[in-house]
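A quick write-up on the structure given underneath.
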Amino acid sequence: MTTHEAAEAARLRLRHAEAVGAASVRTRRARSARGYLVLGLATVAILAALFPLVDIIALVTVHGIAAMKLSLFTTVTSGVAGGLQNAILGTLVLVAGGMIIAGPLGVFTGIYLAEWAEPRVAAVLRYLSDVLVGVPSIVIGYFGFAVFVTGLGWGFSLAAGAIALATFMLPYIVRTTELALTKVPGELREGSLALGITRGRTIHSVSLPVAAPGILTGLLLALGIGLGETAPLIYTASWSNYDPHLVPTHSPVGYLTYVVWTFINQPFSASHELAYAAALLLLIGVLVLNLVARQLLVGRQAD
Amino acid sequence: MRGPASERVRQVLTDTVALGQGCREAIGNARRCLAEGDEVLALRMVAADQEIDRRTATIEAQVLLILTLTPPLAGDLRRVVAVFKCVTDLERIGDYAVHAARAVVGPGERRAPADVVTMAGHAEAMVTGAVDALAREDADLAREVIRRDDRVDRLLVRLRRASEGEAAGHPWLAAARSLERAADHAVNVAQWAAYAAEGERPTIVV
Amino acid sequence: MTTETKTRTEAVARSRSYADEPAVAAIAAARAPRPEAERQKIRVDGLNVFFGPQQALYDVDISFPEQQVVALIGPSGCGKTTLLRTLNRMTELVPRSRHEGDVRLDGASIFGPEVDVVDLRRKVGMVFQRPNPFPMSILDNVTFGPRRHGVRNRALLGEIAEQSLRSAALWDEVKDKLNQSALGLSGGQQQRLCIARALAVQPEVLLMDEPTSALDPISTGKVEDLVRQLAETYTLVLVTHSLPQAGRVADRVAFLLSGRVVEEGTAQAIFTRPKDARTEDYLTGRLG
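Protein chains in written order, with the working numbering: chain Z, 5 to 307; chain E, 6 to 211; chain G, -14 to 273.
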């Protein structure tokens, strides 16, 4: 560049700098106002979104605490009043059953998807998994009714309910497991392979331990989802006023969400109390699970 | 050879060749002094030699800079090494040219004998050849220069024999020795020029 | 001495090539391959490597002599990493990769049907560009390999760990904190840990993919010293972007360009007198 060109470029730069600087000063007020406007809108949006949540929690907590008594845990439901012992136990047993089925199945499928599957097979499996997430829970309940309750003749049963719940929880577990594994840095895997260690052992000794917090979190979240489901259980586990009999077939089971769903419609205040109490218990359960999952993830990451 | 890759190396090579031209002039001047007995020229050469010394120091500093900041490899490495060695020899050639010319200063016979002038002529040709070999990265020319050193050595031997009889020593012997040493340094320059071109220093065939 | 012989003696004295100087000869001898041990540990024969339709290596012929350090140099994308990773068949982890030609370790093809890839990778170890220690204790990292290969004896594992850490010049720095997490070590220490981890499975060859490019100069120096020491026992192949590093540690240097080996020779020959114009261009900075 000649000195003339260099001087010309410098002059241009100076002129541009002045122009941009001046423009910036001029629009400062408008920028500021726009900023506040957006901040205001965002605040309103947050409040609108939080309001239902706060409302629910407040409502349930207030009414639920009012309805809490020790006898809830020791009495079974009789008709439309009584206690929640059967429902509590029923929920625990059904969710546990669902987990026993969906947990290992989901985790192994997730491992397969992340580590072994051919790209096309993996894509198909993932798609199916996503479809399953989108299936309405009542349809899953109906599926359970058609196949297990009537088709196989199990009647309303623990097994049918557990399987229906498992179907609901499965895709979440598969996806979170797969995600946790893909987040394991490839370098760790390469390092292990380069030491002359087989694929399988690498997954077992390197990938899984590193992905474990993520996988556990996924399981806990699926548990939380399972806690709160009603529709899959209505036509599979039905309802029972008695503590759950631990037999797989011909054994209707009670569960907390049923209480919430039906008892709130009853004209009796005792029923309403039970409903709110059940709702509170469920809320606490979901909250605790989320906190534990959070702690796991954060704790490990800080390592 | 395609010439230096780095701009800095190209520059330092150019500067060295220019220095070499200065030394060629110096030797040429020495020859003229000896041939014509030109005292005035002989004295003027001293100032010119100071310029040579100064430029030598500049080139050395440039080489050190290159080695520190942009250490070269391959062809450029050889050129930088050659330059670093050559400037010392070129500076000495300048010095010896001045020494040789000094013989014409003072009373007595001012024109050198034929042999001495011939030696000066060879020396000049060798310096010219060596600098050209460096500039053009011409190893064959370098080898020619090296071969020519024989003649200079033989002329010196002849002069020594001729002076063996005289008591005070041949007055031109000192000049002849200086010229022979200048020729030796020209050989060194040629060797390093060949190294820069081909990567090997040619040995002298005795 | 007559004047004539004096002159001649001077001429002879000056005529010795500088390579004859005792100091230079000593340096050259120290780096020269020992003639009896001039065995080719790995021989690459007409190797072509493809990733899908893309060809990464073309007709590569090169040998890696036993107990020497060979540096692979060349601009980005020239195939030096691909060549390195073929030597322990890590290229097979890339989908749609295939090869033609052969690579022989101690005379036997590494692609043979009876070859156990897992065992090959034990014998031909690898250290990567960025240190990749497992999120476990230092001791667990080093003993990871031997344990997974079946060594159970606690005492033996401890010995192997100490030996490997000593070989990697890391023992003194970590011997009091073997149970602490490896992630707490500095970058240079982590890289030496990865070297120790690779040594623990008792390899014969060590492949290093730009092992110091993520390290600070002091750690780089330590790892380079380590490389020269390891060359007394193992055969090393080193990919490096740093020409001075290749000069410092390598016995032989191979220059690759666009998937081909352009030139190969002793480090001294390549760096002072490359035969190919492209090598000259790369070394003098004309090429990227």
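For glycine and all other residues, C-beta sits at the position ideal for the given N, C-alpha and C.
Keep in mind the model is a prediction, meaning the values are calculated, not measured.
DSSP on residue i, reduced to helix/strand/coil?
i, result
"F240/G", "strand"
"E21/G", "Low confidence applies here, because E21/G scores a pLDDT of 47, under 50, leaving its location unreliable and the question unanswered by this model."
"T63/E", "helix"
"F256/G", "helix"
"N33/G", "strand"
"T197/G", "coil"
"Q176/G", "helix"
"Y259/Z", "coil"
"T81/Z", "strand"
"Y43/G", "strand"
"R206/E", "coil"
"A173/E", "Because A173/E sits at a pLDDT of 49, beneath the cut-off of 50, its placement in the model cannot be relied upon, and the point is left open."
"S171/G", "coil"
"G25/E", "helix"
"R271/G", "coil"
"R30/Z", "helix"
"E9/Z", "helix"
"A52/E", "helix"
"P131/G", "helix"
"Y200/E", "helix"
"C91/E", "helix"
"A21/Z", "helix"
"E265/G", "helix"
"D20/E", "helix"
"K65/G", "helix"
"L291/Z", "helix"
"F272/Z", "coil"
Whose C-alpha, out of the options, is nearest the C-alpha of residue i?
i, options, result
"L169/Z", "A121/Z, L16/Z, M103/Z and A127/Z", "M103/Z"
"W158/Z", "A241/Z, V143/Z and L227/Z", "A241/Z"
"R219/E", "G25/E, H127/E and L48/E", "Past the edges of chain E, shown from 6 to 211, lies residue 219/E, and the structure says nothing about it."
"P236/Z", "A85/Z, I142/Z and G230/Z", "I142/Z"
"A40/E", "L74/E, A180/E, I64/E and F89/E", "A180/E"
"T279/G", "A146/G, G130/G and F35/G", "Because residue 279/G is not part of the residues shown, which for chain G are -14 to 273, the question remains open."
"P213/Z", "L278/Z, I229/Z, L185/Z and G228/Z", "L185/Z"
"F113/G", "Q176/G, K65/G and E85/G", "Q176/G"
"G143/G", "D125/G, D157/G and A154/G", "D125/G"
"R339/G", "A199/E, N193/E, V132/E and D81/E", "Residue coverage of chain G in this structure runs from -14 to 273, which leaves residue 339/G outside it and unanswerable."
"S133/Z", "L224/Z, L109/Z and S209/Z", "L109/Z"
"G114/Z", "S36/Z, A215/Z, S244/Z and R35/Z", "A215/Z"
"S198/G", "R139/G, Q25/G, M121/G and A231/G", "A231/G"
"E129/E", "R115/E, R141/E, A144/E and Y101/E", "Y101/E"
"Y200/E", "E169/E, M131/E, H127/E and L146/E", "L146/E"
"R183/Z", "A126/Z, L93/Z and R203/Z", "Just to set this straight, residue 183/Z is Leu in the shown sequence, not Arg. Of the listed residues, the one whose Cα sits closest to L183/Z is A126/Z."
When DSSP builds the beta bridges, which residues end up paired with residue i?
i, result
"M111/G", "L192/G"
"G250/G", "V238/G"
"V54/G", "L221/G"
"S274/G", "Any answer about residue 274/G is impossible in this case: the structure gives chain G only from -14 up to 273."
"F49/G", "I27/G"
"S122/G", "S166/G"
"G310/Z", "Nothing about residue 310/Z can be reported from this structure: the residues present for chain Z run from 5 to 307 only."
"R245/G", "L242/G"
Taking residue i as part of the beta strand (DSSP E), name the residues at either end of that continuous run.
i, result
"S82/G", "S82 to L90"
From what residue to what residue does the alpha helix (DSSP H) around residue i run?
i, result
"D210/G", "P202 to L215"
"Y146/Z", "S141 to G148"
"S161/Z", "Unbroken run through S161/Z: none, as it is neither H nor E."
"P123/Z", "P123 to G138"
"A241/Z", "That residue, A241/Z, is in no alpha helix (DSSP H); it is neither H nor E in DSSP."
Counting pairs of Cβ atoms below 8 Å between the segment 36 to 44 of chain E and the segment 101 to 113 of chain E, do you hit three or more? yes
For the segment 182 to 198 of chain E against the segment 94 to 108 of chain E, are there 3 or more C-beta pairs whose distance is under 8 Å? yes
Taking 8 Å as the cut-off, does the segment 145 to 162 of chain Z touch the segment 208 to 219 of chain Z (at least 3 CB pairs, one atom from each stretch)? no
Three or more C-beta pairs closer than 8 Å, one from the segment 172 to 181 of chain Z and one from the segment 198 to 214 of chain Z: is that the case here? no
Pairing CB atoms from the segment 238 to 255 of chain Z with CB atoms from the segment 48 to 66 of chain Z, are three or more of them under 8 Å? no
Counting Cβ pairs closer than 8 Å, one from the segment 126 to 138 of chain G and one from the segment 182 to 194 of chain G, do we hit at least three? yes
If you pair each beta-carbon of the segment 64 to 73 of chain Z with each one of the segment 267 to 285 of chain Z, do three or more pairs fall below 8 Å? yes
For the segment 238 to 258 of chain G and the segment 62 to 71 of chain G, state whether three or more C-beta atom pairs, one from each stretch, are separated by less than 8 Å. yes
At least three beta-carbon pairs within less than 8 Å, the segment 144 to 155 of chain G to the segment 107 to 121 of chain G: no
I'd like to know if the segment 147 to 166 of chain E and the segment 120 to 127 of chain E are in contact, where contact means that at least 3 CB-CB pairs between them fall below 8 Å. yes
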